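First comes the structure, then the notes that go with it.
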Amino acid sequence: MSGAALGLEIVFVFFLALFLLHRYGDFKKQHRLVIIATLLAWYLCFLIVFILPLDVSTTIYNRCKLAVNSSPAESNGSYVTLAPSKQKCFKPWSYIPNGIMPIFWRVVYWTSQFLTWILLPFMQSYARSGGFSITGKIKTALIENAIYYGTYLLIFGAFLIYVAVNPNFNLQWNQLQTIGIAAANTWGLFLLVLLLGYGLVEIPRSHWNGAKRGYLLMKTYFKAAKLMTEKADAEENLEDIMEEVRKVSESIKYNHPLRKCVDTILKKCPTEYQERMGRNMDDYEDFDERQNSYPSEKNLVKLHKQVIYSVQRHRRTQVQWQILLEQAFYLEDVAKNETSATRQFVHTFHSQEPENKIIQYFYTPTVEWYWECLLRPWFYRVLAVVLATFSVIVVWSECTFFSTKPVLSLFAVFIQLAEKTYNYIYIEMACFLTIFFLSICVYSTVFRIRVFNYYYLASHHQTDAYSLLFSGMLFCRLTPPLCLNFLGLTHMDSTISHKNTQPTAYTSIMGSMRVLTFIADGFYIYYPMLVVILCIATYFSLGTRCLNLLGFQQFMGDSEMTSDLIDEGKELIKREKRKRQRQEEGENRRREWKERYGNRDDSTRNRVVHTDQKESSFSETTTNRSLSKYTRSNGRTERDRIELLQDAEPLDFNADSINDDPLELDSGR
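Anchor point for the sequence shown: position 500 equals 500 in the UniProt record's numbering, and the numbering is continuous, going up by one each time.
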C-alpha cells in the first residue's frame, strides 16, 4: 500500500476538478489555454487539501521512529518496538516513503505560485483583449500587466538594495526564498480570514433557511426581479453594441483593409444579428477614403472587446433566467404538494430533459413526496446544526491555537489523543474533515461573491474566461495559507507548538518563519482572531445592510424595497407560468390532432394525388359549359357578398366591452 493512497487521491482529485470546471466553464467555446490553466490551478489547490492529511499521518509515524531510534529498540516487520516499554509504532496504511513528499510539495507549491502571480494575470488580460491577432493580444496583455509586474519588481528590488547596503543583514538564498513565501502567505491570510468569517456563518444559516419553503420561495421571487432588470439591461446593451457593429459593417466595404477585422467581429455576434446585417449590407460598393470617415483599428479592437463581453453577458442572463424559472416552479410545486392527501408529488410542468429510467423506477412520485415534503426539511435542519457546531469549534480554535500549555485548540486535542494510540485512520479522517470544512467555507465564498460584472462564477457553463482565471488566481493564493492555518490549529507546525520535533514535509517547504519574527509571532497568531468580529458582522448581516444603504438591493426581510421586489418577482413568475402553460396546451392540441387525423390526412393526400390526372382531363371538357351556366348566379352571389361586407361593422377587440348601440358605433368610427 506504500504510495497507493497518494496515487489514488491524485487521480480522484483530477476528475473532481475536471467535473467542477465542466459545470462552470464551456469546453466547446472557450479557449483551450484558458481551460488548461484554470484546470491546473484548481487541480493543484484541491490536491494540496486532499494530500495534506497523508502528510500529517506520515509525519506522526516518522516522529515515532525517531523517538524509538533514540533509545534501545528492535525492529520487527512493519513496526518498530521499544525495548523498555514495548511500545509499537505501526506503519500507517497510507504511509508515503521518505523523499517523495518534499519533492511533491515543492513542485505543487511553486507551480501554483507561478500560475497565480505570473501566468494567470497575463492570461486574464489576453482573454479580455479585443485584438485580432495573437501578437496584438500579447502586446495588450503586456501593457496592461506592466504596472502589475513593475510594482512587485520595484518592491523586491528595493528590499534587495536595503539588504545589500545594511551590514547587519546576512541573508542567504534560502532566507530570501522564505521571505518571499511569507509575503505571499501574508497576503493570502489577510483575504483568507475575510472569506472564512463569512463562510463560517453563512453556510450553516443557508442550510437552516433551506428548510423554510416560504423563505426560499420569497428569495427566489426577489432574485427573479433583480435578474429581470439585469436581463433587460443586457439586452439593451447588446442592441446598442449591435447597432454600432451594423454601422461599422455598412461603412467598411469588402475591399477595405480593415474588412477582415469587421468579419471577425461579425462572427462573434449572435446568429440573428448576423443574418440581419447580411441582408442589409451591399458589398458591391467600393470605399472612398475622401468621402467617408472610417474607424481606426484601435476603435475596432475596442468594439471587438465590447461585443465579446455583451454577447457573453446576454447569453448568461438568458440561461440564468430559465434556471431561476425552473427553481421557482419547483418551489411552488412543493408548497402545493405539502397539503396533498394522496401523498404523491405532482409537477406542474414536465421536465424538459429526459430522465434516467433507473431514477424513475426508484424515485417514484410517492418517494419524491416523502423526501421533498417531509424528510428534506429535517435533513437540512440537522445538517445546519452539525455545520454550526463545526463553525463554533473553528472559531474557538482560531482564538486559542497559540496556547500550548494547556492546549486549548480542540483540533489539536483530538489529534494529540489519536497520536498517543497511533490510530492513523482517525488522524487522517479528523484532519481531512477539518481542512475540508475550512476549504468549503473559503471556496464556497469564492464561488458566491460577485464583483459587479467583472468577476462572477455562473454554473451551467456560463462563466467567462476572465472569471475562471480569476478564480484560479484566488485558489492558488488562498490554499497555502489555509493549509498553514490548519497545521497551526492542530499544532503540527513547530512555529506554533514551540516543540523541537520533526515538521511536516509541507512546513519544511515553507521554511522557518523565524526569519521574520514580527510575522511569525505577531501577524500569524493574532490576525486570525479577527474571524470572531467578522462572524458577528455576518450574523447580523452588517455587510448586507451597508450594501442596501448604498443602493445595491439585497434580500432583507424588514425592507420595503425587498417587499416591492418580491411582489414584482411574483408577477413575473406568474406571467412566465401562464406563457408556458399556453405553450404546453398548444403542443398537446397539435399532438392530439396528429394522433387523430394524421392517418386520414395521409390517405386523403394520396387520393388527391391519384385523382389529379382524371380531374384535369374532366375539367377541360366541362369548363365552357360550367362557365356559361353559372355566370349569372355567380355574379349575383358576388354582389350579395360585397353588400354584406359593406354593411358589417368592425369590432374593436381592444375595447373593454362591446356596445350594441349603432349611434355610439357611428360616433366611435
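Ideal Cβ placement from N, Cα and C applies to all residues, glycine included.
Everything numeric in this text was worked out from a predicted model, so none of it was measured.
Query	Result
Here's a check: name, in chain order, each residue in its chain whose Cβ is nearer than 8 angstroms to the Cβ of residue 62, leaving out the five neighbours to either side.	98, 502
Measuring CB to CB, does residue 553 end up less than 8 angstroms from residue 226?	yes
With DSSP as the reference, label residue 269 as helix, strand or coil.	coil
Please say whether residue 381 and residue 366 have beta carbons closer to each other than 8 angstroms?	no
Measure how close the beta-carbons of residue 464 and residue 306 come, nearest whole angstrom, since I'm counting them as under 8 angstroms.	With 8 angstroms as the limit, residue 464 and residue 306 do not qualify as a contact, their Cβ atoms being about 14 angstroms apart.
Beta-carbon separation of residue 475 and residue 184 under 8 angstroms?	no
Count the CB pairs spanning the stretch 385-405 and the stretch 213-225 that are closer than 8 angstroms, and state whether there are at least three.	no
Could you compute how far the alpha carbon of residue 46 sits from the alpha carbon of residue 468?	15 angstroms
Anyone know if the C-beta pair for residue 506 and residue 57 falls short of 8 angstroms?	no
If residue 315 sits next to residue 462, beta carbons under 8 angstroms apart, how far is it from one beta carbon to the other, in whole angstroms?	7 angstroms
Check whether the stretch 438-446 touches the stretch 6-24, counting contact only when three or more Cβ pairs, one atom from each stretch, lie closer than 8 angstroms.	no
Just checking, does the stretch 473-489 make contact with the stretch 327-340 on the three C-beta pairs under 8 angstroms criterion?	no
Is it the case that the stretch 129-140 contacts the stretch 89-109, given that we only count it when at least three CB pairs across the two stretches are under 8 angstroms?	no
Residue range of the alpha helix (DSSP H) that residue 538 falls in?	531-539
Within 10 angstroms of its Cβ, does residue 369 collect 16 or more other Cβ (buried), or is it exposed?	buried
Please go through the same chain and pick out, in chain order, the residues whose beta-carbon is closer than 7 angstroms to the beta-carbon of residue 562, but skip the five residues on each side of it.	222, 555, 556
So residue 12 is in the alpha helix (DSSP H); what residue range does that whole segment cover?	4-24
Which runs of the beta strand (DSSP E) fall wholly inside the stretch 316-404 and span at least 3 residues, in chain order?	none
Tell me which residues share the same chain as residue 269 and place their Cβ nearer than 8 angstroms to its Cβ, disregarding the 5 neighbours each side in the sequence.	242, 245, 277, 307, 311
Below 7 angstroms CB to CB, which residues in the same chain sit around residue 323 once its five sequence neighbours on both sides are set aside?	460
Quick check on DSSP: helix, strand or coil for residue 480?	helix
Measuring CB atoms only, is the stretch 531-546 touching the stretch 206-213, in the sense that at least three cross pairs come out at less than 8 angstroms?	no
Which of the three DSSP states, helix, strand or coil, is assigned to residue 670?	Nothing about residue 670 can be reported from this structure: the residues present for the chain run from 1 to 669 only.
Quick one: is residue 428 buried, meaning 16 or more other Cβ sit within 10 Å of its Cβ, or exposed?	buried
Taking all protein chains shown into account, decide if residue 207 is buried (16 or more other Cβ within 10 angstroms of its Cβ) or exposed.	buried
Which residues in the same chain as residue 188 place their Cβ atom closer than 7 angstroms to its Cβ, once the five residues preceding and following it in sequence are excluded?	477, 478, 480, 481
Using three-state DSSP, classify residue 314 as helix, strand or coil.	helix
Quick check on residue 556: does DSSP put it in helix, strand or coil?	coil
Could you round the C-beta distance between residue 487 and residue 504 to whole angstroms and report it? I think they count as a contact, below 8 angstroms.	7 angstroms
Apart from the five residues just before and just after residue 34, which ones in its own chain have a Cβ nearer than 7 angstroms to its Cβ?	123, 127, 465, 468, 469
On the premise that residue 258 lies in contact with residue 202, defined as a C-beta separation below 8 angstroms, what is that separation, rounded to the nearest angstrom?	That belief does not hold up - the Cβ atoms of residue 202 and residue 258 are roughly 50 angstroms apart, past 8 angstroms.
Between the C-alpha atoms of residue 379 and residue 372, what's the straight-line distance to the nearest angstrom?	10 angstroms
Check residue 149 in the structure and name its three-state DSSP category.	helix
Report buried or exposed for residue 422, applying the criterion of at least 16 other Cβ atoms within 10 angstroms of its Cβ.	buried
Does the distance from the C-beta atom of residue 39 to that of residue 16 stay below 8 angstroms?	no
For residue 350 and residue 580, what's the separation of their Cα atoms in angstroms?	11 angstroms
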